[in-house]
Amino acid sequence: MDEKTATSRRIYDCALRILEAEGPQAVSMRRVAKDAGITAMAIYHHFPSREALLDAVVQSEFEQLAVFFSRPNAKRSLESAMTHILDGYIDYALAHPRIFDYVFASPREGARRFPDDFRARQSPTLNLVYDVVSSWMKLGKLKRDDAWEISMELWAQVHGYLALWQGGRFHLPEDQFRKLVHRSLRRLLYGLAS
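With the first letter of the sequence shown counted as 1, position 164 gets the number 164 in the UniProt record's numbering; the numbers rise by one all the way through.
Rendered as structure tokens:
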């Protein structure tokens with residue numbers, strides 16, 4: 001790794017650390033530069049703006065999130081496949097709450113928008129849900145419908161639970177919260193079953 005790449009990586013790591021510890025409002029170019037051990041002006045040789053730096057963090061975090069979702073086994077039941085994928089989403093959200101909130105719940109310039117960006121398969125996370133939903137529709141095990149809208153509905157269901165969890169709206173231990181989300185997902189899936 002050359003020196004410029006190593007410095008960019010150090011800047012990125014500092015921004016990510018601040019974002020996770022304190023949220024996006026705490027990420028300033030001056031603070032990140034100081035934490036990375038470079039001058040406030042030098043940081044702009046690596047990232048032209050705060051937005052570009054945060055965009056780089058977001059894109060990298062989508063890649064990290066995909067690690068939490070190993071591809072579901074094609075032989076799994078619909079419930080098992082969906083639970084597997086969405087558990088990865090829950091795992092990531094609970095492990096990285098501030099980054100999760102910034103990536104999925106904060107208004108950001110250039111964020112993917114439904115339906116066009118998703119139908120163009122620009123979402124590495126929702127693509128997995130869509131692939132399972134559309135394959136089960138083709139097999140006749142789910143009612144024929146708009147597979148992208150159904151995928152978003154399943155995703156939004158879990159996301160809503162996570163937003164409420166992060167807002168302190170549950171008086172449950174984590175394992176009981178997960179069981180509740182699984183039951184809710186199961187009800188939704190069986191309501192869609194043909």
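Glycine residues also receive a C-beta, built at the ideal position from the N, C-alpha and C atoms.
- Between Leu86 and Val133, the C-beta gap is not smaller than 9 Å, which leaves the two residues out of contact.
- If one requires a minimum length of 4 residues, the alpha helix (DSSP H) runs lying completely within the region 67–117 are 78–95 and 97–105, in chain order.
- DSSP places Asp131 in the uninterrupted alpha helix (DSSP H) bounded by Leu126 to Lys138.
- Just so you know, the alpha carbons of Asp13 and Pro124 end up roughly 22 Å apart.
- For Ser151, the uninterrupted alpha helix (DSSP H) segment begins and ends at Ala147 to Gln166.
- With a 10 Å radius around the Cβ and a threshold of 16 neighbouring Cβ atoms, Val67 comes out exposed.
- Cβ-Cβ separation between Leu54 and Pro24: approximately 7 Å, consistent with a contact (criterion under 8 Å).
- With 16 or more other Cβ atoms from the protein chains shown falling within 10 Å of its own Cβ, Thr83 counts as buried.
- In the structure shown, the three-state DSSP call for Leu189 is helix.
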